[in-house]
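Visitor:
2 protein chains.
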Amino acid sequence: MFEGFETPCLILDTVRLRRNAARMLAHCGAQGVLLRPHLKTSKSVEVAKIATGGRLSGVTVSTLAEASHFARAGFDDLLYAVGITPNKFDHVASIIDATGKTVTLCLDSPEMARALAESDLAAPALVEVDCGEHRGGLPAGADALIEIGRILGPQLRGVMSHAGHSYATDRVAEVKRVAAAEVDAATTAAERLREAGMAVEVVSIGSTPTVLHADSLDGITEVRAGIYLFYDLSQLGRNVCGLEDIALSVLSTVIGHNRAAGVMTIDAGALAMSKDIGANTFLPSAAYGWLCETETMKPTGLALTAVHQEHGTVTVEDPAWYERLPIGSTVRVLPGHACLTAAGGYGAYHTTCGETWPRVDGW
Amino acid sequence: MFEGFETPCLILDTVRLRRNAARMLAHCGAQGVLLRPHLKTSKSVEVAKIATGGRLSGVTVSTLAEASHFARAGFDDLLYAVGITPNKFDHVASIIDATGKTVTLCLDSPEMARALAESDLAAPALVEVDCGEHRGGLPAGADALIEIGRILGPQLRGVMSHAGHSYATDRVAEVKRVAAAEVDAATTAAERLREAGMAVEVVSIGSTPTVLHADSLDGITEVRAGIYLFYDLSQLGRNVCGLEDIALSVLSTVIGHNRAAGVMTIDAGALAMSKDIGANTFLPSAAYGWLCETETMKPTGLALTAVHQEHGTVTVEDPAWYERLPIGSTVRVLPGHACLTAAGGYGAYHTTCGETWPRVDGW
Numbered sequence: 056m057f058e059g060f061e062t063p064c065l066i067l068d069t070v071r072l073r074r075n076a077a078r079m080l081a082h083c084g085a086q087g088v089l090l091r092p093h094l095k096t097s098k099s100v101e102v103a104k105i106a107t108g109g110r111l112s113g114v115t116v117s118t119l120a121e122a123s124h125f126a127r128a129g130f131d132d133l134l135y136a137v138g139i140t141p142n143k144f145d146h147v148a149s150i151i152d153a154t155g156k157t158v159t160l161c162l163d164s165p166e167m168a169r170a171l172a173e174s175d176l177a178a179p180a181l182v183e184v185d186c187g188e189h190r191g192g193l194p195a196g197a198d199a200l201i202e203i204g205r206i207l208g209p210q211l212r213g214v215m216s217h218a219g220h221s222y223a224t225d226r227v228a229e230v231k232r233v234a235a236a237e238v239d240a241a242t243t244a245a246e247r248l249r250e251a252g253m254a255v256e257v258v259s260i261g262s263t264p265t266v267l268h269a270d271s272l273d274g275i276t277e278v279r280a281g282i283y284l285f286y287d288l289s290q291l292g293r294n295v296c297g298l299e300d301i302a303l304s305v306l307s308t309v310i311g312h313n314r315a316a317g318v319m320t321i322d323a324g325a326l327a328m329s330k331d332i333g334a335n336t337f338l339p340s341a342a343y344g345w346l347c348e349t350e351t352m353k354p355t356g357l358a359l360t361a362v363h364q365e366h367g368t369v370t371v372e373d374p375a376w377y378e379r380l381p382i383g384s385t386v387r388v389l390p391g392h393a394c395l396t397a398a399g400g401y402g403a404y405h406t407t408c409g410e411t412w413p414r415v416d417g418w
Numbered sequence: 056m057f058e059g060f061e062t063p064c065l066i067l068d069t070v071r072l073r074r075n076a077a078r079m080l081a082h083c084g085a086q087g088v089l090l091r092p093h094l095k096t097s098k099s100v101e102v103a104k105i106a107t108g109g110r111l112s113g114v115t116v117s118t119l120a121e122a123s124h125f126a127r128a129g130f131d132d133l134l135y136a137v138g139i140t141p142n143k144f145d146h147v148a149s150i151i152d153a154t155g156k157t158v159t160l161c162l163d164s165p166e167m168a169r170a171l172a173e174s175d176l177a178a179p180a181l182v183e184v185d186c187g188e189h190r191g192g193l194p195a196g197a198d199a200l201i202e203i204g205r206i207l208g209p210q211l212r213g214v215m216s217h218a219g220h221s222y223a224t225d226r227v228a229e230v231k232r233v234a235a236a237e238v239d240a241a242t243t244a245a246e247r248l249r250e251a252g253m254a255v256e257v258v259s260i261g262s263t264p265t266v267l268h269a270d271s272l273d274g275i276t277e278v279r280a281g282i283y284l285f286y287d288l289s290q291l292g293r294n295v296c297g298l299e300d301i302a303l304s305v306l307s308t309v310i311g312h313n314r315a316a317g318v319m320t321i322d323a324g325a326l327a328m329s330k331d332i333g334a335n336t337f338l339p340s341a342a343y344g345w346l347c348e349t350e351t352m353k354p355t356g357l358a359l360t361a362v363h364q365e366h367g368t369v370t371v372e373d374p375a376w377y378e379r380l381p382i383g384s385t386v387r388v389l390p391g392h393a394c395l396t397a398a399g400g401y402g403a404y405h406t407t408c409g410e411t412w413p414r415v416d417g418w
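Going down the list, the protein sequences come from chains A and B. Counting in the numbering used here, the first sequence runs from 56 upward without gaps. Counting in the numbering used here, the second sequence runs from 56 upward without gaps.
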């Protein structure tokens, strides 16, 4: 099906993608929360429409390039879930001016709340709460939370948290504990603001594992997740998905056999795959990616053991592989971390339904 | 000088760039070899012109997107230094047809030599020789070398090797040993082809450390190097450059203070910096990059200790840093590996001379 394709290129299996999307929509529907898919993984309008079930609103982005791209494609109610600073106000304003869409911002300090409130920017904001990841956010009990709410006034839309540390385990029981802490942090912060007399419309949490495994989403209005659309070896190793759920792969060509050294080289290197090796924590065989048969997607047992900028090195223990994978033949490589692999500079996906879907990279 | 810049963005110090370029040109001139700069680091026409000293020929590329870009910008005699396969022949042909420039290919097997010789592609080729890196290439003494030369016939242009393993050390004596082996492999292969009656115009070696430290380049006609134009913490840790030579940095904004967790967050994460941690082998403090003062480029002593897609986490031991680097202030982050950082999706460099220089990413 990929005969003559120039490589490396991204292949997106739309059967798997649609199945992953439908499952998460059903899961969130059953829980009574809005699914606000994170588009940082796919950066694609076509994927976004599948992720929302055709709804042109309620999405999460990680860059203003994404915000602009999706707003211009008709999406409304975009959450830019990275802390805002004044050097980005003009860009946000240009998106709102050009499209009339709502872009909700995120912040966690009185300084930025003041900068936003004193600016001309007609954008609401969520206050980020640290639920234990210890990246962005205030503790749910911090005095500054109420101060920020008061400064924002009518621009306060709600609170959000992100349990990125849910990836530090492969045990469901531990994910459930992290999810409970995330729900607790977000709802506690929301409750404190409400008790102080402020309206809190949005109580947002998210990470694929906590959304999937939370025992209760009581008090949560929406969830953010993104990687579930594609999945990858990192998610497989953490038991978040099965092998047959991984929708993204890199089509790559064998460009050399170095029998003397016991390796073959493919044209998927560090830019094509990324240098993310986080999958190896729970799946030590992941290396920089698993080589699968092009047509069947069956793992060959070979892995990308080293990457340079445009060269991927594959250790070959059984010389029969030189016959099975001659120079010029192709493989599909399952990524360790799909978000970073897809951002490698491809610009677009080749889909298994025969279409080309553009991505919006950069900032 | 970077007031109001939207971040993250690439900053290229053109004083340092020009000094790095001039040094390498002088070094190669003194050695009597052609410098065929590798443009995979910069992917920029403006940088390429500085690297060649204004000569519009004799460059190395790592993708056909680069080959096309530089050929259309007027560069001739381009070496595509990644093993060619037939699924790329049409792209190569389209570049040659559109520009009339010479694109030299690289291969290391009789199969690919035959595919090229039997195709309509009017492109010469170098045979790659493995000088000890054990990635691409044949052993210099392999029987297949002569076979490939005979198959290529008049399309044989020469031989090339790449001593990527020169980065496995920080000791000059060891680099000198690797350089001697690289020179020996390339010249041995060239001599064998000549003894078999074939013309060998090009004997090409390359890697910044071996080019800088080789005791003798006798028999070598040209050298390939790229990272010396920008340098990075990986090169600093290997004693290949000084701190004041690093020309590339990422301008980034402080987007959050999490005093409770002892960290601050900047907007240079995994996509802005890459997840390459190779610098840490010889410079354990490198982490994902060093934070420097925006104007002076003086290292602050702070480092990017963790990265997520768009978030960079900086461990803060001295709380005074929260005052020195308030939310909204900027830093310039020195990259661990400049080639991968620059390929993060920026699309262009902001230069310290006030210009914007585009890059050509993707394939």
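Ideal placement from N, C-alpha and C gives every residue a C-beta, glycine not left out.
#1: Could you confirm whether any beta carbon from chain A is found closer than 8 angstroms to the beta carbon of S164 (chain B)?
#2: So S259 (chain A) and G213 (chain A) are in contact, right, with Cβ under 8 angstroms, and what is the actual spacing, rounded?
#3: Quick check on the DSSP output: what are the complete beta strand (DSSP E) runs of length 3 or more inside the segment 129-187 of chain B, in order along the chain?
#4: Exposed or buried, what is A77 (chain B) when buried is set at 16 or more other beta-carbons lying within 10 Å of its beta-carbon?
#5: Determine the chain A residues that contact D331 (chain B) at a beta-carbon separation under 8 angstroms, and present them in chain order.
#6: Does any residue of chain B bring its CB to less than 8 angstroms from the CB of S117 (chain A)?
#7: Mind checking L394 (chain B): buried by the 16 CB within 10 Å criterion, or exposed?
#8: Could you check whether the Cβ of A279 (chain B) sits closer than 8 angstroms to any Cβ belonging to chain A?
#9: Grab the span of the beta strand (DSSP E) containing H312 (chain B) for me, first residue to last.
#10: Does chain B have any CB closer than 8 angstroms to the CB of H220 (chain A)?
#11: Could you tell me whether the Cβ atoms of A128 (chain A) and I151 (chain A) are closer together than 8 angstroms?
#12: Can you tell me which of B:A120, B:G219 and B:P165 puts its alpha carbon nearest to the alpha carbon of I206 (chain B)?
#13: What are the start and end residues of the alpha helix (DSSP H) that includes T370 (chain B)?
#14: In chain order, what residues of the same chain have a beta carbon less than 6 angstroms from the beta carbon of D132 (chain A), not counting five sequence neighbours either side?
#15: Got a sec, what are the start and stop residues for the alpha helix (DSSP H) L207 (chain B) sits in?
#16: Counting pairs of Cβ atoms below 8 angstroms between the segment 261-277 of chain B and the segment 309-316 of chain B, do you hit three or more?
#17: Return the chain-ordered list of same chain residues with a C-beta closer than 7 angstroms to the C-beta of H268 (chain A), the five sequence neighbours on each side being excluded.
#18: Listed from N- to C-terminal order along the chain, which residues in the segment 133-162 of chain B have their beta-carbon within a distance smaller than 7 angstroms of any beta-carbon of chain A?
#19: Report the partner residues of M215 (chain B) according to the DSSP bridge assignment.
#20: Pull up the distance between the alpha-carbon of V257 (chain B) and that of M215 (chain B), whole angstroms please.
#21: Scan the segment 385-402 of chain A for residues whose Cβ lies nearer than 9 angstroms to a Cβ of chain B and list them as they occur along the chain.
#22: Between the alpha carbons of P413 (chain A) and T69 (chain A), how many angstroms are there, rounded?
#23: Which word fits S329 (chain A), buried or exposed, when buried means at least 16 other C-beta atoms lie within 10 angstroms of its C-beta?
#24: Pair every Cβ in the segment 393-407 of chain B with every Cβ in the segment 345-352 of chain B, then say whether three or more of these pairs are closer than 8 angstroms.
#25: Per DSSP, which one or two residues make a beta bridge with S112 (chain A)?
#26: Over what stretch of residues does the beta strand (DSSP E) that includes V318 (chain B) continue unbroken?
#27: Would you say the segment 369-377 of chain A touches the segment 239-258 of chain A, given that touching needs at least three Cβ pairs under 8 angstroms?
#28: Ordered along the chain, which non-local residues of its own chain (more than five positions away) have a Cβ less than 8 angstroms from that of T411 (chain B)?
#29: How would you label C408 (chain B), buried or exposed, when you count the other beta carbons within 10 angstroms and need 16 or more for buried?
#30: By how many angstroms is the C-alpha of I382 (chain B) removed from the C-alpha of E348 (chain B)?
#31: Where do the N-terminal and C-terminal ends of the beta strand (DSSP E) with T385 (chain A) fall, by residue?
#32: State the Cα-Cα distance for the pair R186 (chain A) and R71 (chain B), rounded to the nearest angstrom.
#33: Given a limit of 8 angstroms on CB to CB distance, which residues of the segment 232-252 of chain B reach chain A?
#34: Run down chain C in chain order and give the residues with a C-beta less than 7 angstroms from the C-beta of A316 (chain A).
#35: Okay, do the segment 188-204 of chain B and the segment 236-254 of chain B touch, 3+ Cβ pairs below 8 angstroms being the bar?
#36: Answer yes or no: does any C-beta atom of chain A fall closer than 8 angstroms to that of Q210 (chain B)?
Guide: Once the coordinates are examined:
#1: Closer than 8 angstroms to some Cβ of chain A, the Cβ of S164 (chain B) qualifies, so yes.
#2: Between S259 (chain A) and G213 (chain A) the beta-carbon gap is near 7 angstroms, inside 8 angstroms, which marks them as a contact.
#3: Every beta strand (DSSP E) of 3 residues or more that sits fully in the segment 129-187 of chain B is shown, in chain order, as 131-135, 158-162 and 180-184.
#4: With a 10 Å radius around the Cβ and a threshold of 16 neighbouring Cβ atoms, A77 (chain B) comes out exposed.
#5: Those are A325 and K330, listed as they occur along chain A.
#6: It does: the Cβ of S117 (chain A) has a partner Cβ on chain B nearer than 8 angstroms.
#7: One detail in the question is off: residue 394 (chain B) reads as Cys in this sequence, not Leu. Buried, by the Cβ-count rule.
#8: The displayed chain sequence assigns Arg, not Ala, to residue 279 (chain B). Between R279 (chain B) and chain A, the shortest Cβ-Cβ separation is not below 8 angstroms.
#9: Element bounds for H312 (chain B): L303 to N313.
#10: Taking Cβ atoms only, chain B never reaches closer than 8 angstroms to H220 (chain A), which makes this a no.
#11: The answer is no: Cβ separation not under 8 angstroms.
#12: It is B:P165 whose Cα lies nearest to the Cα of I206 (chain B).
#13: Run containing T370 (chain B): none in the alpha helix (DSSP H); it sits in the beta strand (DSSP E), G367 to T370.
#14: S112, G113 and T157.
#15: Where L207 (chain B) is concerned, the enclosing alpha helix (DSSP H) stretches over D198 to L207.
#16: As far as the Cβ criterion goes, the segment 261-277 of chain B does not touch the segment 309-316 of chain B, which means the pair count is below three.
#17: Excluding positions up to five away in sequence, the list reads V227, V230, K231 and A234.
#18: Only those residues of the segment 133-162 of chain B whose C-beta falls short of 7 angstroms from the nearest C-beta of chain A are listed: V137, G138, T140, P141, N142, K143 and H146.
#19: M215 (chain B) is bridged by DSSP to B:E183 and B:S259.
#20: Computed Cα separation, rounded: 8 angstroms.
#21: Residues passing the 9 angstroms Cβ filter: T385, H392, C394, L395, A398, G399, G400, Y401 and G402.
#22: Looking at the two C-alpha atoms, the distance is approximately 14 angstroms.
#23: Under this definition S329 (chain A) is a buried residue.
#24: Judged by Cβ distances under 8 angstroms, the segment 393-407 of chain B makes no contact with the segment 345-352 of chain B, as fewer than three pairs qualify.
#25: Paired residue(s): A:D131.
#26: Counted as a single uninterrupted DSSP element, the beta strand (DSSP E) harbouring V318 (chain B) occupies residues V318 to I321.
#27: Taking a contact to require three or more Cβ pairs closer than 8 angstroms, the segment 369-377 of chain A and the segment 239-258 of chain A do not qualify as touching.
#28: Excluding sequence neighbours, T411 (chain B) sits near A403, Y404 and H405.
#29: So C408 (chain B) counts as exposed.
#30: Spanning the alpha carbons of E348 (chain B) and I382 (chain B) requires a straight line of approximately 15 angstroms.
#31: Per DSSP, T385 (chain A) belongs to the beta strand (DSSP E) from T385 to L389.
#32: The sequence shown places Cys at residue 186 (chain A), not Arg. Here the alpha carbon of C186 (chain A) sits roughly 44 angstroms from the alpha carbon of R71 (chain B).
#33: The residues in question: there are none.
#34: Within the model displayed, chain C is absent; protein chains A and B are what it includes.
#35: With a cut-off of 8 angstroms, the segment 236-254 of chain B and the segment 188-204 of chain B count as touching, because enough Cβ pairs lie within range.
#36: It does not: the Cβ of Q210 (chain B) has no partner Cβ on chain A nearer than 8 angstroms.
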